[in-house]
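Only one structure is covered here, and it is reproduced in the block below.
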Amino acid sequence: MRIRNGSIKERRVRVRGKSRIRDILLRAGINPEEVVIIKDEELITEDDFISEGEIIEVLPVSLGG
Numbered sequence: 070m071r072i073r074n075g076s077i078k079e080r081r082v083r084v085r086g087k088s089r090i091r092d093i094l095l096r097a098g099i100n101p102e103e104v105v106i107i108k109d110e111e112l113i114t115e116d117d118f119i120s121e122g123e124i125i126e127v128l129p130v131s132l133g134g
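Residue numbers (our numbering): 70 to 134.
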């Protein structure tokens, strides 16, 4: 599985079978509460599952005042 973080940086994470996105992000050192996750151009949650070979895009949450 590949994780794109909205910049040039890309991480690859090995996934066996189906894995919960939250667990994958934590393994990659990414706090799931600080990002939004996109798969196939759709917003998904950290509780969704992903399989080997799929790609997600991880973007930081931006708060304004």
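From the three backbone atoms N, C-alpha and C, an ideal C-beta is built for every residue, glycine too.
| Check | Outcome |
| --- | --- |
| I think VAL53 touches GLU103, with their Cβ atoms under 8 Å apart; what is that distance to the nearest whole Å? | Because the chain is modelled from 70 through 134, residue 53 falls outside the range shown and cannot be assessed. |
| Taking all protein chains shown into account, do 16 or more other C-beta atoms lie within 10 angstroms of the C-beta of LEU94, making it buried, or fewer, making it exposed? | buried |
| Below 8 Å on the Cβ atoms is my contact criterion, and I expect ARG106 with GLU115 to pass it. Report the Cβ-Cβ distance as a whole number of Å. | For clarity, residue 106 is Ile in the given sequence; the question names Arg instead. Confirmed, Cβ separation roughly 7 Å. |
| Pull the bridge partners of VAL105 from the DSSP assignment, please. | LEU128 |
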